[in-house]
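Peer 1: Have a look at this one before I ask anything.
Protein chains: 2
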Amino acid sequence: MPSLAEIFSPRGVAVVGVSQVDETSFGRGVVLSLKRAGFPAIYPVNPKYTELLGLPCYPSLPAIPGVVDHVVVSIPAESALALLDDCAAKGVKSVHFFTAGFGESGYAERAELERAMLLKARAGGFRIIGPNCIGLFVPKSRLATSTGAPMEPGSIAFISQSGGHAENIPFHTDPRGLRFSKVVSYGNALDVDEAELLQYLSQDPDTEIIAAYIEGVRDGKRFLGALKEAAARKPVVIYKGGTTEAGKRAAHGHTASLSSSVAVFDGLCRQLKAIRVDDVEELVDVLVALRFIRPLPRGNGIAVVGTGGGPSVLASDEMEKAGLHMPRLSSETQAELRQFLPLAGAIFSNPVDATNLVSPEAISKTMSLLGSVPDIDMLIYHLGFHPASRWGHGRFSVETSLQSTVDALRQAPKATGKPVLLALCPAPDLSGMKDFLAAQEAFVAAGFPVFHSLRQAARAMARIIAWNRE
Amino acid sequence: MPSLAEIFSPRGVAVVGVSQVDETSFGRGVVLSLKRAGFPAIYPVNPKYTELLGLPCYPSLPAIPGVVDHVVVSIPAESALALLDDCAAKGVKSVHFFTAGFGESGYAERAELERAMLLKARAGGFRIIGPNCIGLFVPKSRLATSTGAPMEPGSIAFISQSGGHAENIPFHTDPRGLRFSKVVSYGNALDVDEAELLQYLSQDPDTEIIAAYIEGVRDGKRFLGALKEAAARKPVVIYKGGTTEAGKRAAHGHTASLSSSVAVFDGLCRQLKAIRVDDVEELVDVLVALRFIRPLPRGNGIAVVGTGGGPSVLASDEMEKAGLHMPRLSSETQAELRQFLPLAGAIFSNPVDATNLVSPEAISKTMSLLGSVPDIDMLIYHLGFHPASRWGHGRFSVETSLQSTVDALRQAPKATGKPVLLALCPAPDLSGMKDFLAAQEAFVAAGFPVFHSLRQAARAMARIIAWNRE
């Protein structure tokens, strides 16, 4: 049997089920994605055409002259077995079925069909990815099934029982600086499953952090063994879908998974030192923290800095609700702050809120001072993107103050050895979003972990600290 | 003493502390805001100028020839008492102090100054708003202190101890269709306080829904009496800031408030039939639901409809975690769905997920069918804004399908009498945000309650149903 390492770096890819006419067909999208990614050997297969999207098109797999290691399939389920005979004849290493309507459909004959497919794969010496998934995204190998996929390789691997999450997470997290080594959407997990993927990724030199979206596992014991091994080597972040009654039902209909309760799963994750998260948002936030915060804090003391009394009160509540601690500043430290922060409309006790906390000088001094307080383990600076405001007072401007703010905040961790997090809050309108995205880009480029609210930052850090302390 | 009704509709406004040179001065911003709002009688006051921003500028309050009902003040705290003598001489009705650095600063002499100001106001027969706040925003009276304020009047009143929230919430919620009757930022509540405001708003014919951000109350008994009276007449939504230790400390530094614990406050809200929320996000979501859902559901059964297996599983978990119930569809209903929804990649049990659930026909049929199920009390349709995707399959397009989707969803509540909610998920990039904002605008214009995630919708509805059942 070919190894997963071989499967992740195919020499040639055949795409079966491409359409000349239907612009929304998956196969057509895969060909376009591979072309866009610069994959060198793409073979569309469809007996109706001799050319497709500027490439020679072949009537069948055996008719392809070159080496085919990987096959992407989106023809109807009924034709799956015949196709697998062709795959065996061609000597392929892996077959990815985008095609759905198998075991997850609830029909017994479709589950039977899945079993017959697996037997064919075993006999033919190749592996199956899926069915009912969007397959492999490996930037380093120029392998992608989505034209929106960001192709810069990185150090995060993501395995996902949902094709939607597999497609959306790399796209959604690209502006926050996350880059991926491998993303595997494995759907019904007929052959390649979460346990095997975890085992492989724990050894994969290109992967430093592992993330997983799992609805249910087929072989609990094997999965837990693989999780234990992986979590002992690398941070593993798991979002388990289908933890409520309705979620379980949806998961069963989605990928034929039988889900367990959140309490059981939570206990296992603690025991095995994996980081369990509650939803996709938290999954992403924890990845951002793991990727950009070095070293990770062990203590939960945080200082909150920025302008605005309401947001500062809210911040305080969010931090403490999430389980972080905001140490009260000593009267000496408060007195030092009062020397350069204006009294009016200010809070000095932690949170620290003052109208001039948008000026590089005030930011630098404040962060350095707070960073030197022993029970403060990390600092967070918050910045909102507000309307073109009435008085500009205490307002951040992308044009005039973005780069100087980035530079001022970049000094702080160097000076104190304590990480600085950013909470940038998106705006409700297009002009505000432009500023927000520009600021995010600058902070991410400077290596900051950027969160989209204080609440999200607090939740992610609380998870990481609990894990890092154990 | 003038009534609050008189204070909310001043005939003339003087702005004391305007600057010709400092473009970020609050007073200058207020003059610009009033001009932009079309307020008819604006009087800048500054002895240094004779003209400011195209208006005659006066050396002092008594020098103004016209009627001055309301005075906006941003001169330093030290000059407050002398200014109040001028206010008395001029016969004003209300004085709003933007100026901060009073009781909240922690200095005893500043708290003493506040008390002296209150005595002057009592003697002079006028009221004080603040200090340490951004004051009054009354669209109907063309009264605003922020140039970003959306000036279309509406039926929601918002009182806020935070100027930031008072300024940001109308701006942030404008794209979601919220419009305001009055927004009052009352800061330190030296004179006009939350109890008096609640009492007034409960009788205000322009106000149908009352929202409040409160850090602490000075007179608990009076406040609870006013809250009881208001909540008996109109929905009252309260976000209480400063519920954690750090939050209390911040609130004290912010507006000199002494906060109580969340448990105590929660119990009181239940007893008095007010809707307590946990944060600003939830405050806004509950307002959107109250404003756009008629009648409000009493049962907690919800059907979730949209495309994407992962999001559907996530949806199910979010709904049940928040306390809503997703009734499992009967096999008869599922069979009916299968007649027009494709089998592959679909979930029929509730959530309902199928690739063609972006076509108006499939949406209409699905929503009508689900709306007729007895234990489904409301429906939610979810829509993500994704990358220019590889295959377009199951993808929503603003250009080609927005209006038909709006129309299809608009039929559903008419046909079944059950409310339809929208969960539109923002995109990470500018092009996706453009689509998101266009879709939001169309759905809001058609009268839909729009939420930015399934989780947010679920939390808000769970709050409202609990309140509506009592």
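Protein chains in written order, with our numbering: chain A, 39 to 508; chain B, 39 to 508.
Quick reminder that beta carbons are idealized off the backbone N, C-alpha and C, glycines included.
Can you tell which of Ala496(A), Val315(A), Asn84(A), Leu352(A) has the C-alpha that lies nearest to the C-alpha of Leu417(A)?
Peer 2: Residue numbering aside, residue 417(A) sits at position 379 when the first sequence is read from its first letter. Checked all of Ala496(A), Val315(A), Asn84(A), Leu352(A); the closest Cα to Leu417(A) is Ala496(A).
Peer 1: At the level of alpha carbons, what is the spacing between Pro100(A) and Cys125(A)?
Peer 2: Taking the first residue of the first sequence as 1, we reach residue 100(A) at position 62. Taking the first residue of the first sequence as 1, we reach residue 125(A) at position 87. If you take the alpha carbons of Pro100(A) and Cys125(A), they lie about 8 Å apart.
Peer 1: Would Ala426(B) be called buried (16 or more neighbouring beta carbons within 10 Å of its own) or exposed?
Peer 2: Position 388 of the second sequence, counted from the start, is the residue given in the question as residue 426(B). Because Ala426(B) sits at a pLDDT of 44, beneath the cut-off of 50, its placement in the model cannot be relied upon, and the following sentence gives the value as read from the coordinates. The residue is exposed, with fewer than 16 neighbouring Cβ atoms inside 10 Å.
Peer 1: Name, going along the chain, the residues of the stretch 194–210 of chain B whose beta-carbon falls closer than 9 Å to a beta-carbon of chain A.
Peer 2: Ser198, Gln199, Ser200, Gly201, Gly202, His203, Ala204, Glu205, Asn206, Phe209, His210
Peer 1: Per DSSP, what kind of secondary structure is Glu246(B) in: helix, strand or coil?
Peer 2: Here the question's residue 246(B) lines up with position 208 in the second sequence. Reduced to three states, the DSSP call for Glu246(B) is coil.
Peer 1: Taking Cβ positions, are Asp229(A) and Ala159(A) nearer each other than 7 Å?
Peer 2: Position 191 of the first sequence, counting from 1, holds the residue named residue 229(A). Position 121 of the first sequence, counting from 1, holds the residue named residue 159(A). Taking 7 Å as the Cβ cut-off, Asp229(A) and Ala159(A) qualify as a contacting pair.
Peer 1: Could you list which residues in chain B have their beta carbon closer than 7 Å to that of His292(A), in chain order?
Peer 2: By one-based count along the first sequence, residue 292(A) stands at place 254. Listed by position along chain B, the residues whose Cβ is nearer than 7 Å to that of His292(A) are Gly347, Ser350, Val351, Ile385.
Peer 1: Return helix, strand or coil for Ile113(A), following the three-state DSSP convention.
Peer 2: If you number the first sequence from 1, residue 113(A) lands on position 75. Ile113(A) falls in the coil class under three-state DSSP.
Peer 1: By the three-class DSSP mapping on this structure, what secondary structure does Met539(A) have?
Peer 2: Outside the modelled stretch of chain A, which goes from 39 to 508, sits residue 539(A), for which no answer is possible.
Peer 1: If you drop the 5 nearest sequence neighbours on each side, which residues of the same chain put their C-beta closer than 6 Å to that of Ser47(A)?
Peer 2: Translated into positions along the first sequence, residue 47(A) becomes position 9. The beta carbon of Ser47(A) sits closer than 6 Å to the beta carbons of Ser179 from its chain, once the five residues preceding and following it are set aside; these are given in chain order.
Peer 1: Shorter than 7 Å from the beta carbon of Ala227(A) to some beta carbon of chain B?
Peer 2: Position 189 of the first sequence, counted from the start, is the residue given in the question as residue 227(A). Judged by the 7 Å Cβ criterion, Ala227(A) is not in contact with chain B.
Peer 1: Ends of the beta strand (DSSP E) at Gly192(B)?
Peer 2: Along the second sequence, one-based indexing puts residue 192(B) at 154. Where Gly192(B) is concerned, the enclosing beta strand (DSSP E) stretches over 191–198.
Peer 1: Report all residues from its chain with a CB closer than 6 Å to the CB of Lys278(B); omit the five preceding and five following residues, and keep chain order.
Peer 2: As a working note, residue 278(B) is residue 240 in the second sequence. Hits under 6 Å: Ile252, Phe303.
Peer 1: Would you grab the beta carbon distance between Tyr82(A) and Phe135(A) for me? Rounded to a whole angstrom, and I think it's under 8 Å.
Peer 2: Position 44 of the first sequence, counting from 1, holds the residue named residue 82(A). Position 97 of the first sequence, counting from 1, holds the residue named residue 135(A). The sequence shown places Pro at residue 82(A), not Tyr. The C-beta distance from Pro82(A) to Phe135(A) rounds to 17 Å, too long to meet the 8 Å contact threshold.
Peer 1: Is it true that the CB of Leu325(B) sits closer than 7 Å to the CB of Ala249(B)?
Peer 2: Counting from 1 along the second sequence, the entry for residue 249(B) is found at position 211. Counting from 1 along the second sequence, the entry for residue 325(B) is found at position 287. Contact: yes.
Peer 1: Which residue or residues does DSSP assign as beta-bridge partners of His203(A)?
Peer 2: What you label residue 203(A) is simply residue 165 of the first sequence in a count that begins at 1. Note: His203(A) sits in no beta bridge, so no partner.
Peer 1: Assuming Leu174(B) and Ile194(B) make a contact with CB atoms under 8 Å, what is their CB distance in whole Å?
Peer 2: Translated into the one-based positions of the second sequence, residue 174(B) becomes position 136. Translated into the one-based positions of the second sequence, residue 194(B) becomes position 156. With 8 Å as the limit, Leu174(B) and Ile194(B) do not qualify as a contact, their Cβ atoms being about 15 Å apart.
Peer 1: Pull up the DSSP beta-bridge partners for His363(B), would you.
Peer 2: Translated into the one-based positions of the second sequence, residue 363(B) becomes position 325. According to DSSP, which records beta bridges pairwise, His363(B) is partnered with Gly339(B).
Peer 1: Please list, in chain order, the chain B residues whose beta carbon lies closer than 7 Å to that of Ser143(A).
Peer 2: Taking the first residue of the first sequence as 1, we reach residue 143(A) at position 105. Around Ser143(A), the beta-carbon contacts reaching into chain B at under 7 Å are Leu381.
Peer 1: Which ranges does the beta strand (DSSP E) cover as unbroken runs of at least 3 residues, wholly within the stretch 218–245 of chain A, from first to last along the chain?
Peer 2: 218–223
Peer 1: Asn226(A) and Glu142(A): beta carbons closer than 7 Å?
Peer 2: Within the first sequence, residue 226(A) is the residue found at index 188, counting from 1. Within the first sequence, residue 142(A) is the residue found at index 104, counting from 1. A contact, by the Cβ cut-off of 7 Å.
Peer 1: How about Lys311(A) and Ala264(A): are their beta carbons less than 7 Å apart?
Peer 2: Looking up residue 311(A) in the first sequence gives position 273. Looking up residue 264(A) in the first sequence gives position 226. No, they are not a contact pair.
Peer 1: Determine the contact status of Arg188(B) and Pro213(B), defining contact as a CB-CB distance below 7 Å.
Peer 2: Counting from 1 along the second sequence, the entry for residue 188(B) is found at position 150. Counting from 1 along the second sequence, the entry for residue 213(B) is found at position 175. In the sequence as presented, Arg is not what sits at residue 188(B); that position holds Pro. No, the pair does not count as a contact, with Cβ atoms beyond the cut-off.
Peer 1: Under 7 Å, do Val343(A) and Ala353(A) count as touching if we go by C-beta distance?
Peer 2: Along the first sequence, one-based indexing puts residue 343(A) at 305. Along the first sequence, one-based indexing puts residue 353(A) at 315. For Val343(A) and Ala353(A), no; Cβs fall outside 7 Å.
Peer 1: Buried or exposed: which applies to Glu358(B), given that a residue is buried once 16 or more other Cβ atoms fall within 10 Å of its Cβ?
Peer 2: The residue you call residue 358(B) lines up with position 320 of the second sequence. Burial call: buried.
Peer 1: Any idea what DSSP makes of Ala426(A), helix, strand or coil?
Peer 2: Residue numbering aside, residue 426(A) sits at position 388 when the first sequence is read from its first letter. Summary for Ala426(A): the model assigns pLDDT 44, below 50, so the residue's position carries little reliability; its value from the coordinates is reported in the next sentence. In the structure shown, Ala426(A) sits in coil (DSSP, three-state: anything other than H, G, I, E or B).
Peer 1: So that I know if they touch, is there some Cβ in chain A lying closer than 7 Å to that of Ser354(B)?
Peer 2: Here residue 354(B) refers to the residue found at position 316 when the second sequence is read from its first residue. So, interface residue.
Peer 1: Using 8 Å for Cβ pairs, my map puts Cys171(A) next to Tyr224(A). What's the rounded Cβ distance?
Peer 2: Here residue 171(A) corresponds to residue number 133 of the first sequence, with the count starting at 1. Here residue 224(A) corresponds to residue number 186 of the first sequence, with the count starting at 1. Yes, Cys171(A) and Tyr224(A) are in contact; Cβ-Cβ is about 6 Å, under 8 Å.
Peer 1: By how many angstroms is the C-alpha of Ile414(B) removed from the C-alpha of Glu370(A)?
Peer 2: Numbered from 1 along the first sequence, position 332 holds the residue referred to as residue 370(A). Numbered from 1 along the second sequence, position 376 holds the residue referred to as residue 414(B). Cα to Cα, Glu370(A) sits roughly 60 Å from Ile414(B).
Peer 1: Using a Cβ cut-off of 7 Å, which residues of the stretch 358–371 of chain A contact any Cβ in chain B, in chain order?
Peer 2: Glu358, Lys359, Met364, Arg366
Peer 1: Pull out every residue of the stretch 215–243 of chain A whose Cβ sits closer than 7 Å to any Cβ of chain B, in chain order.
Peer 2: none
Peer 1: Using DSSP with H/G/I as helix, E/B as strand and the rest coil, what is Phe489(A)?
Peer 2: The count along the first sequence starts at 1 and reaches residue 489(A) at position 451. Three-state DSSP puts Phe489(A) in a strand.
Peer 1: If the cut is a Cβ gap below 7 Å, which residues of chain A does Glu253(B) touch?
Peer 2: Residue 253(B) sits at position 215 when you count from the first residue of the second sequence. Under the 7 Å cutoff, chain A gives Val351.
Peer 1: So that I know if they touch, is there some Cβ in chain B lying closer than 7 Å to that of Ala138(A)?
Peer 2: Taking the first residue of the first sequence as position 1, residue 138(A) is located at position 100. So, interface residue.
Peer 1: Taking a contact to mean a Cβ-Cβ separation below 7 Å, would you say Pro380(A) touches Ser442(A) in this structure?
Peer 2: In the first sequence, counting from the first residue as 1, residue 380(A) sits at position 342. In the first sequence, counting from the first residue as 1, residue 442(A) sits at position 404. Contact flag unset, no.
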